[in-house]
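Residue numbers (full-length UniProt numbering): 1 to 473. Think of the CB as a built atom: it goes at the ideal place given N, C-alpha and C, for glycine as much as any other residue. On a predicted model such as this, the values are computed, not experimentally measured, just so you know. Below you'll find the structure, written out as structure tokens, and then a few comments.
Have a look at this one:
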């Protein structure tokens, strides 16, 4: 499961100390910390160099596992895949990336506010400051999250299938007594075949009328038309209904009409088809460049791009990208120098990794739980030429050497000085020009929420996340 959020400050305090509203335990009591990549003090110095107008100054991603035990090798491989996919439109020298995993010492905790027992699983925290280190301008590879959710879910399911991990689609979190909550999780695209609106209305009737048996469900369906039982007596049994005006029946084979939900009220989604995953993964490289080069362009360019043919769009993106690196490439002196001022603090392996990435080791031997060439928009190949398919994705670690720091789900209410949930949809207002990073991380803010905090008066939080089982901190 991947969750996306944005915060103004407080990441270092949260990750190191474990500060979170409604919880009394320290990070050392809660988890073993496994530093995967980067240097947390450097990341903090970079996001705190962004002028503070109360906006989100960094993105946070939480990658949660349902498995109780996950090997460090697998954690590193998943992180490398994540970085390669999400940051596809950016060269390594354009962004700062920090990742650490929390391996629970305490498997369950009780929320002091609600009294709920929270099960804790291994999870990864990733912090990316919202600034382009070459140009000094605001950067947000996620953009408006809801507009791109399908790509992120495709990546999530690709990772789950690639490594044999449990999928959030197998256990969708929703209030099963509330039809709106259920249907917000089990959306139109999750229904097979025709008459999707009828199927959504049928789900509402199942919940509102308290239907909890196969016989009662069949009786409910019969109210809408002539029915027929298919594969009767077999595990694959389902009901078909011929609605008024239809020449053929509508098959109710969807997982939400099976006993998991009808009888046991366990909400599950069908697996995302391999062809759908592949299509979305191959479409992401061009969409990632559009987020970077088109979304913030002038109205004139955006209009020209929207009216262009698919072939011309590829050309326009390539031209836009080439011009960007002509102006902001490493050979240019007028660039944001924050990260380079601190490069001497990194290991030589990490600094070298920004130029030549090493492949992940031992990925195929793990037992537990792009795609396009960077300079050819729309290409369906990774930087080493390998196609990224659901069954075969060759990735690189890039800047994957750990830094020098010590140490080995439903929305959380935000507001005030607490957590900001899913605010990746909001563009930051700072970082409009180069801002040198100080030699030491500054500030001692202690967050009240998870992975950081919002500044007072920064506006209302907005949800933006891929959600599924598990709730960790």
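Between residue 219 and the set 101, 195, 240 and 92, the nearest pair of CA atoms involves 240. Taking a cut-off of 8 Å for Cβ pairs, the segment 119-139 and the segment 92-102 touch, as three or more such pairs fall below it.
A residue is called buried once 16 or more other Cβ atoms fall within 10 Å of its Cβ, and residue 106, having fewer, is exposed. Annotation for residue 62: the continuous beta strand (DSSP E) segment containing it runs 58-64. Listed in chain order, the non-local C-beta contacts of residue 232 below 7 Å within the same chain number zero, local neighbours out to five positions each way being set aside. In this structure, residue 289 lies near residue 89, with their beta-carbon atoms less than 8 Å apart.
Closest in alpha carbon position to residue 151, among 15, 284, 304 and 291, is 284. Counted as a single uninterrupted DSSP element, the beta strand (DSSP E) harbouring residue 126 occupies residues 123-129. If you look at residue 100, you'll find it isn't in any alpha helix (DSSP H); it sits in the beta strand (DSSP E) that goes 98-104. Between residue 229 and residue 237, the gap from beta carbon to beta carbon is short of 8 Å.
Taking C-alpha positions only, residue 198 is separated from residue 249 by approximately 12 Å. Cβ-Cβ separation between residue 324 and residue 293: approximately 7 Å, consistent with a contact (criterion under 8 Å).
DSSP places residue 262 in the helix class (H, G or I) of the three-state scheme. Between residue 78 and residue 159 a beta carbon distance of about 6 Å is seen, short of the 8 Å cut, so the two are scored as contacting.
Between residue 101 and residue 34, the CB-CB gap stays under 8 Å. By the Cβ criterion, the segment 5-13 is in contact with the segment 46-53, since at least three pairs of Cβ atoms, one from each stretch, lie closer than 8 Å. In this structure, DSSP gives residue 275 a helical state, which the three-state scheme calls helix.
Assignment of residue 238 by DSSP, reduced to helix, strand and coil, places it in the strand class. For residue 110, there is no enclosing alpha helix (DSSP H); the enclosing beta strand (DSSP E) has its first and last residue at 108-110. DSSP places residue 227 within a strand segment (E or B) once states are collapsed to three. Leaving aside the five residues that flank residue 91 on each side, none in its chain has a CB nearer than 6 Å to its CB. Contact between residue 103 and residue 163 fails: their C-beta atoms lie close to 17 Å from each other, not under 8 Å.
DSSP places residue 251 in the uninterrupted beta strand (DSSP E) bounded by 250-252.
In this structure, the CA atom of residue 260 is about 23 Å from the CA atom of residue 156. For residue 308, same chain residues with a beta-carbon under 7 Å away, outside a window of 5 residues either side, are 316 in chain order.
In this structure, residue 262 lies away from residue 221, with their beta-carbon atoms at least 8 Å apart. In this structure residue 112 does not touch residue 268 by the C-beta definition: roughly 32 Å separates them, more than the 8 Å allowed. Here DSSP, grouped into helix, strand and coil, assigns residue 117 to strand. Residue 5 carries a strand assignment under DSSP once its states are collapsed to helix, strand and coil. Of the candidates 43, 235 and 321, 43 places its Cα closest to the Cα of residue 57. Take residue 226, set aside five residues on each side of it, and the residues of its chain with a beta-carbon closer than 6 Å to its own are 242, in chain order. Pairing residue 281 with residue 166, the inter-Cα distance amounts to about 20 Å. In this structure, the CA atom of residue 118 is about 14 Å from the CA atom of residue 31. As computed with DSSP, residue 33 is found in a beta bridge with 102. DSSP places residue 320 inside the alpha helix (DSSP H), whose first and last residues are 310-328. In the structure shown, residue 78 falls within a helical segment according to DSSP collapsed to helix, strand and coil.
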